[in-house]
Amino acid sequence: MNDINLVSGRSLDIEKQAKRLKLLRIFAILSLLIVALVSIFFFIFTVSLPINSVKQNEQQTLSNISGLHKRLASYVLIKDRLTSIQSLIQKRTNYPQVVNTIISMVDPQLTVQSFDIEAGSITITITGGSLTPINQFINDMLNLANNGKLIKNLSIQSLSFSGAVNKYTLVMQSDLL
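Position one of the sequence shown corresponds to residue -19 (the working numbering), numbered consecutively onward.
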């Protein structure tokens, strides 16, 4: 007997392909819908976001940055000036210390007539009624020059006596270290 197959194997394959095609079409349509919805969402988000406020925030941020730049520049300038001032202070001679040291060596019997500091040199004029305190002052200045603490090259410019007022006058000159 002949077997008659009313259901062919081909139709099963065609049905499987049709189901796959149907699923693929559904997946494609769903993907298209998802992409369309996401695009519409971003479009609405972009349209509803106020561009002016974003630009204003950008301008405000840029102005804050430029203000900070000015502050940074002024900070660097001030720091440089302070460094320069500090180096100048360290290099310069401490005149108050020099004056106080020399004046402290002056005997109470002596009078300082003048005390000039010019271009790294000191000129001091002392008067007194006796040569003994003047001699002591000269010795103290020599010790100070020999120790090399504040002065060097000590020289006596003049030593004179005024009979009218009965006073001796000593003028000394020295270089500062």
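We treat Cβ as the ideally placed atom computed from N, Cα and C, and that holds for glycine.
### Message
Can you tell me whether Thr105 is helix, strand or coil according to DSSP?
### Response
In the sequence shown, residue 105 corresponds to position 125, counting from 1. Note: Thr105 maps to strand in three-state DSSP.
#### Entry: Contact belief for Thr107 with Tyr148 at Cβ below 8 Å, rounded distance in angstroms
Here the question's residue 107 lines up with position 127 in the sequence shown. Here the question's residue 148 lines up with position 168 in the sequence shown. That pair is a contact at about 7 Å.
### Simplified DSSP assignment, three categories, for Met85
Position 105 of the sequence shown, counting from 1, holds the residue named residue 85. Reduced to three states, the DSSP call for Met85 is coil.
### Three-state secondary structure (DSSP) of Lys71
Your numbering for residue 71 matches position 91 in the sequence shown. Helix at Lys71.
### Query
Alpha carbon to alpha carbon, what distance is there between Ile20 and Arg5?
Stepping through the sequence shown from its first residue, residue 5 is reached at position 25. Stepping through the sequence shown from its first residue, residue 20 is reached at position 40. Rounded to the nearest angstrom, the two C-alpha atoms are 22 Å apart.
### Query
Can the beta-carbon of Gln155 be found closer than 9 Å to that of Gly100?
The count along the sequence shown starts at 1 and reaches residue 155 at position 175. The count along the sequence shown starts at 1 and reaches residue 100 at position 120. Strictly speaking, residue 155 in this sequence is Asp, with Gln absent from that position. Yes, the pair counts as a contact, with Cβ atoms nearer than the cut-off.
### Task
Look at the Cβ atom of Leu134, then the Cβ atom of Leu150, and state whether they are nearer than 9 Å.
Here residue 134 is taken as the residue at index 154 of the sequence shown, counted from 1. Here residue 150 is taken as the residue at index 170 of the sequence shown, counted from 1. In this structure, Leu150 does not lie closer than 9 Å to Leu134 by Cβ.
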